[in-house]
Amino acid sequence: MRFAELTASYGAWYVAWAQALRRMALSAAKPIEPEYPAALCCDLMRFAELTASYGAWYVARAQALRRMALSAAKPIEPGVPGSTVR
Numbered sequence: 011m012r013f014a015e016l017t018a019s020y021g022a023w024y025v026a027w028a029q030a031l032r033r034m035a036l037s038a039a040k041p042i043e044p045e046y047p048a049a050l051c052c053d054l055m056r057f058a059e060l061t062a063s064y065g066a067w068y069v070a071r072a073q074a075l076r077r078m079a080l081s082a083a084k085p086i087e088p089g090v091p092g093s094t095v096r
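So this is what it looks like as structure tokens:
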């Protein structure tokens with residue numbers, strides 16, 4: 011369960027990083043002054059999208075790990091030795 015929590019926080023960090031990258035790309039696309047052209051931000055935006063999908067994958071993996079941990083904690087039958095269910 012602790013591993014699932016760490017995986018979820020790692021995924022959330024990737025998602026937050028992707029949001030920061032998107033903000034950077036969008037601010038770089040705006041020209042500061044008319045004589046300076048806007049920076050090309052396609053690569054940075056694509057990197058932000060990939061980072062966000064990587065973070066979403068980590069979050070989904072953490073959710074699957076949590077489900078596995080919770081289902082493993084439940085006994086199959088109440089009469090099984092070592093079961094906490096009475």
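Just so we're aligned, residue 11 is where the sequence shown starts under our numbering, counting upward by one.
Virtual Cβ for every residue (Gly too), placed ideally from N, Cα, C.
These figures come from a predicted structure and were not determined experimentally.
Within 10 angstroms of the Cβ of residue 26, are there 16 or more other Cβ atoms? Answer buried if so, exposed if not.
-> Residue numbering aside, residue 26 sits at position 16 when the sequence shown is read from its first letter. So residue 26 ends up on the exposed side.
Of the choices 80, 75, 82, whose alpha-carbon is the least far from that of residue 14?
-> Taking the first residue of the sequence shown as position 1, residue 14 is located at position 4. Answer by Cα proximity: 75.
Residues near residue 31 in its chain [Cβ-Cβ closer than 7 Å; skip 5 each side] | As a position in the sequence shown, residue 31 is number 21, starting the count at 1. 54, 57, 58, 61.
In whole angstroms, what separates the C-alpha of residue 77 from that of residue 66?
-> Reading the sequence shown from its first residue, position 67 is the one you call residue 77. Reading the sequence shown from its first residue, position 56 is the one you call residue 66. Going from the Cα of residue 77 to the Cα of residue 66 covers about 17 Å.
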